[in-house]
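Numbering (the numbering used here), first residue to last: 3 to 152.
We put the CB at the ideal spot given by N, CA and C, even for glycine.
The structure presented is a predicted model; accordingly, all values stated were derived computationally and were not measured.
Report on the following structure.
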């Protein structure tokens with residue numbers, strides 16, 4: 003039971019870390035697009051927008067949480083049967099989960115749900131947010147210490 007709680011805590015931290023990173027990346031991609039059309043943006047406005055965009059975390063967090071759950075289970079199974087670097091499996095799983103989630107939502111909704119992911123670079127950076135979540139999960143999950151060389 004203790005192991006279950008450790009995995010759950012690692013997953014929750016990964017979801018929170020990936021979601022916050024995703025939100026920050028999205029905010030700054032939108033701000034960058036506004037600057038590209040010569041709209042001046044003060045640091046205070048930039049900070050306020052970044053903080054205000056955290057309002058999406060409730061919805062984004064649930065979606066990323068579901069995607070991470072599926073992706074991390076697949077990563078664990080792949081690591082067990084294929085081998086390789088466990089850290090890499092979870093990082094790629096997190097990245098793939100977020101990109102797949104956004105592309106599926108875009109296909110279903112007929113629009114990209116995250117404004118900062120409308121460009122290829124923006125979508126890639128959302129994937130990097132997933133990669134951060136995957137790394138956090140790997141770093142915090144039980145049993146990781148066995149893999150780290152001394």
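Backbone secondary structure at residue 73 - three-state DSSP: Note: residue 73 maps to helix in three-state DSSP.
Extent of the continuous alpha helix (DSSP H) run through residue 37: Note, residue 37: alpha helix (DSSP H), 4 to 38.
Residue 108: first and last residue of the uninterrupted alpha helix (DSSP H) it sits in: Its alpha helix (DSSP H) spans residues 88 to 111.
Reduced DSSP secondary structure (H/G/I, E/B, other) of residue 114: In the displayed model, residue 114 falls within coil according to three-state DSSP, outside both helix and strand.
Span separating the alpha-carbon of residue 29 from that of residue 140: Cα atoms of residue 29 and residue 140: separation of roughly 27 Å, rounded to the nearest angstrom.
Exposure of residue 73, with buried meaning 16 or more beta-carbon neighbours within 10 Å: Residue 73 comes out buried.
Three-state secondary structure assigned by DSSP to residue 145: In this structure, residue 145 counts as coil in the three-state DSSP scheme.
Nearest neighbour of residue 115, chosen from 105, 80, 68 [CA to CA]: Nearest to residue 115 by alpha-carbon distance, out of 105, 80, 68, is 105.
Segment limits, alpha helix (DSSP H) that includes residue 56: Residue 56 -> no alpha helix (DSSP H), and no H or E assigned at all.
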